[in-house]
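Chains as they are written, first to last, in numbering that gives the first Met the number 0: chain A, 0 to 386; chain B, 0 to 354; chain C, 0 to 289. Quick reminder that beta carbons are idealized off the backbone N, C-alpha and C, glycines included. Since we're looking at a predicted model, the values are computed, not measured.
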Amino acid sequence: MKHLRTIAMLTAMSVAPTIWAQDAYVVGLSGVLTGPNADTYAPSIQAVTVYMEQLNKRGGINGKPVRLIVQDNQGNPSKAAADAKKFATQDNAILIVNIGLSSSFGPMVAEATRARIPLLFGGGACPLEVLPPNPHELQFCSASTEINSAGEMAMQFITELSREPVKLGIVAMAIPISRGAMDYADKVAPKYGVSVVRKETIPPATADYTASATALKSAEPNWVYSLAPWVTEVKSFEALRKLGWTGKFLGAALNPTEGELARVKDEGLYVLGPDAFFVENTPAHQEIREAVRNANITYPVTDLVEGWVAAMVIEQSLKGAAWPPTAEKVLASMSNLKVDTRGLRGGPIEWSKTNHIRSKQYYRIYHWNDKKRAVVRVKDWTAFDVK
Amino acid sequence: MPSTSGYFRVSYSDDIALLDTRTQKYSFAVFCALLLILPFVAKPVIIDLGSQVFLAAIGAVALMLLTGFAGQISLGHAGLMAAGAFTTGILFKEFAAPFWITLPAAACTGAVFGLVFGLPSLRLRGLYLAVSTLGLHFIVVYLGGEYETRRGLSSGILLDPPSLLGWSLTGGLAWYFVLLAFAAGAVIIAINLLRSKTGRAWRALRTNETVAEVMGINVAGHKLLAFVVSSTMTAVAGCLFAYYRSFVSIEAFSLFLSIQYIAMVIIGGTGSILGALLGALLVVLLPYIVEWATAASPWAQNASGRVFAANYAVFGVVMVLFLLFEPQGLVGIWRRIQNYFLLWPFRQTPMSGGR
Amino acid sequence: MQLLVNIIVLAAIYALISCGYVLIYRVSRVLNLAHGDLMVLGAYLLYTTASLFGGNPVMAVGMALLMGLVVGILVYVLLMRRMTGEMVLAAVLCTIALGVMLHGVTAFIWSGQVRYPIMELGWSNPSLTLFGDARISLASAVLIVTTAIVYVALFGFMGFTRWGIRMRAAGQNPLLASQRGIQLHVVYALAWGLSTFTAGIAGMLISLDSGLYGTMSMLGLKAFPAALVGGLDSLAGALIGSAIIAIAEVLLISYVNPLLTDVVPFAVLLVVLVVRPWGLFGSKEELDRV
């Protein structure tokens, strides 16, 4: 009698998931929705969610809806691995998207490889495995920043702007991509005549940046470069300023940056932007503004460009997979893709068998201008070949 | 020899048998059959859930032995699992050790850490002991983080599935049975320990240490033994966890994990192995129930981004409800249901004003 | 010199948080492990009132403080009251569960976005120069001064006012106190209210200095060893304990390893537990209450 109850409960539970129909394009997205770095990634996740909702309202892809399953991995690699496993085994996803810290990349790659599902990195920066000429078969990247070209651009800009010899400090977060950016900048600095005086690595969940800022300031750099989640970049800058440092800071622009430049109001904070800021006000920007007017987004609209681009890429990738879609069809579609970014980036995103990121990476430089009381562009699209 | 109904015991083997009556034997057989047949008829979701429940059950049983029976409160459970998982990861990464080396190594590490965690229990009791285990948890987590940073493995260690003679352990079905076997083993070890002299000593020292000491029980030795046994089991669970996820990283072993295991013990009901199992079942299923309830509710769209926060809130609420209204936990509820059916049609009405 | 300033700021933060732990433990022998989450809740309440009363920062701060007090009393009346008389461990587990629940509720209501209450209030946080080339932010300076004021106020309250003496009596011997006519539930509710009030102050000041995000509750947990090192029922001990832990933490981070930040308080805690479990100034109570 007691066991009848157990049987009934188990049957009910196995029936429950079938409420969701398998009659859709299933995409699994694991990202940082909550936690200290949420500001950098959560807006992209919300942008993708809204884009997909609107896409479904317009009839979806080839008449079928897109079912986006969002999981919060909180920047926790273990949770990211569990999410990827769930997408592969429980949800039968045909595409997995990661919008989060690079510490979550490794485990998701392992799961996606095991299950042979294409993996798209949609937020922050791109891993090295998508670069030409031999990208990993299943990894693709639509995220804004590519660390090597960012380093080159940074060095170029710093030496252009600086009238005296540059003493550079570098700040990175203790996660693979940020560290990689620091190492690359260190390597390429001598070529531009820049001497690196101090490198600081910050653990992911740090609350107080005073200690590392004190150490950094003691080396007396006149410029500091950082490619890390926005929290690290901005808090390092603010901590340095609190200690009385008067140098200039060049960081990589990420989602919260446009709004944050207006909050910090410091002319010494420059950012490299692969995404066009809303101050440019292109038609695509207006479209985003319109789309989120009635939607449930908790972040300012200026944070949404990267996510919108990722969603455009997802839509194109799925369009190329005829019904009924499988992971293999999506993979084939992604291996030969061209997406027009309509002014949101410097150029189109083109993928081929030998390049899973893009052929040219463009950057603009922005900073806050006190006289105009607004964020202004300092340098227009500068192209770098992606090698 | 006619088989007895259990109410008359005529031999020693009858006396110490785990299952007495014919009803118990048949119920147990049906239960086992269900567990074994389930993976072949259910969706992969359910099989995965089952595997997770078994994995959690091992840790829950270990903590139940320590906290529920021996009365030594430990808030550092996640640290011990981390010790087991990291031993596995480190051995694999540095020496490419196969699982039949890492598993015993994890167990040994667990024993050593158990000794370390148990030493404060010789001087402290109750709240202060709990606090010391909390401190030790953070130290273990720091050591794990140090290892990851030193070796540049900030995204964790990727593990290959355990393999033996060319057959590697992958696939939901295989893991289900392996974890079921380990969980069953843990339960049998626990039950037998509890029926032995050690178990009786633990119960005695939980009730009143001074009296236990006077009776001749080596209190210090048994306290340490409780810690060592419990943490060996936990470290083995940690090792299995590492292989199951194929991934080891320190963020998985947060304070919240310790709290979840404590919740399994409390919600299940202290002082009962069945409680540990029921608690593990509820705590593992809770996030899925919350997710399913949110998706099926009319606020699905609005709340989808907040489900994860809702998980924490619901977990806290459930734990508080059990602490306030059901101190005996799920086992208490189970026993009330059992009593109802056993006593039917004689209903048990408590005397007015009685408890 | 800068290091000394950093130490004093950190010690003030820990001291302000740990006086809440001490208040509740001294009066009702319960360890409130939800203190960190209550602190974060206080800061979020400030953010909300600041957004609502944008033009009137004083009113915003006042409302938020009042709400903090009310939350503390509510927590006692609705939840902890039923745990009086139960095992101490059950009460502590209850606070842990409460902390988890608060964590979820705050993330649910305010989402994971980093908030800047200081912007809503329209205040600014410039950097002040002290002797030498040491610098401190205005918010940190205010925090140090506030901690001093709070401690002096608490000493005065507990030592010289009627309710303070009642609270101390209830803490020393609840049975005698209640027989004397002191209403224990009221005293306990007051202790919880005061504790949450100071937690709110701490949370607000910290968030004014460095922004507000959900994982700040870890700071509350790190302050707990400060309370314990000094003795869980001694306010003076909390001050000294905070100083010791702050010194250890800042020195070790600067000279040894930045990753040590989370573990130093607990390492000090363990050492003290092994050597002198009841802390430096705590009362040596029977330690076997489970």
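When only Cα atoms are considered, V228/C and A237/C end up about 7 Å apart.
The criterion of a C-beta distance shorter than 9 Å is not satisfied by G155/B and G179/A. The contact set of V76/C on chain B, defined by CB atoms closer than 8 Å, is empty, because the minimum CB distance reaches about 13 Å. Where Y24/A is concerned, there is no enclosing alpha helix (DSSP H), although the beta strand (DSSP E) around it starts and stops at Y24 to G30. Exclusion of the five residues before and after P161/B leaves F98, L168 and Y242 as the residues of its chain whose Cβ lies within less than 6 Å of its Cβ. Ranked by how close their Cα comes to the Cα of P116/C, the residues N5/C, S110/C, L211/C and M215/C have L211/C in first place. Under DSSP, C140/A shares a beta bridge with F120/A. Restricting attention to S211/A, A252/A and T205/A, the CA atom closest to the CA of L226/A is found in A252/A. Taking every protein chain shown into account, the CB of N31/C has 16 or more other CB atoms within 10 angstroms, so this residue is buried. Secondary structure at R372/A: coil, using DSSP grouped into helix, strand and coil. The beta-carbon distance between Q138/A and E128/A, rounded to whole angstroms, is 5 Å. This is short enough to meet the 8 Å contact definition. The DSSP-derived three-state label of W333/B is helix.
With 16 or more neighbouring CB atoms inside 10 Å of its own CB, W109/C falls in the buried class. Across the set A219/B, E93/B and Y175/B, the C-alpha of Y175/B shows the shortest separation from the C-alpha of P38/B.
Neighbours of T260/C in chain A, taken as residues at a C-beta separation under 9 Å, are given in chain order as P202, T205, A206, D207 and A210. Taking C-beta atoms as the reference points, L126/B and L189/C fail to come closer than 9 Å. Looking at V21/C, M0/C and Q1/C, the one whose alpha-carbon comes closest to that of S241/C is V21/C. DSSP, read as helix, strand or coil, puts V193/A in coil. Going by DSSP, Q45/A is part of the alpha helix (DSSP H) stretching over A37 to K56. Nearest CB-CB separation between I288/B and chain C: not below the 9 Å threshold. For A242/C, the enclosing alpha helix (DSSP H) has its first and last residue at L234 to Y254. L183/C carries a helical assignment under DSSP once its states are collapsed to helix, strand and coil. For the 9 Å CB-CB criterion, K247/A and L268/A form a contact. A residue is called buried once 16 or more other Cβ atoms fall within 10 Å of its Cβ, and D36/C is buried on that count. Along the stretch 86-110 of chain C, the positions whose C-beta sits under 7 Å from a C-beta of chain B are V87, L88, A89, V91, L92, C93, I95, A96, L97, V99, M100, H102, G103, V104, A106 and F107, read in chain order. Its chain contains A46, V47, Y50 and M51 as the residues whose beta carbon lies nearer than 7 Å to that of A310/A, once the 5 sequence neighbours on both sides are disregarded; these appear in chain order.
A direct Cα-Cα distance of roughly 46 Å separates D90/A from S120/B.
H184/C sits exposed, since fewer than 16 C-beta atoms from the chains shown fall within 10 Å of its C-beta. Secondary-structure assignment with DSSP links E128/A through no beta bridge to anything.
Cβ atoms of Q1/C and T112/A stay farther apart than 8 Å, at about 48 Å.
For Q171/C, no Cβ of chain A is located within less than 9 Å of the residue's own Cβ. Assignment of I72/B by DSSP, reduced to helix, strand and coil, places it in the coil class. At least one beta carbon of chain A lies nearer than 9 Å to the beta carbon of G155/B.
Contact annotation: P132/A and N295/A have beta-carbon atoms that are not nearer than 9 Å. G58/B is the residue among A32/B, G58/B and A41/B whose C-alpha sits nearest the C-alpha of A279/B.
Closest in alpha carbon position to V196/A, among L215/A, G319/A, K190/A and T209/A, is L215/A.
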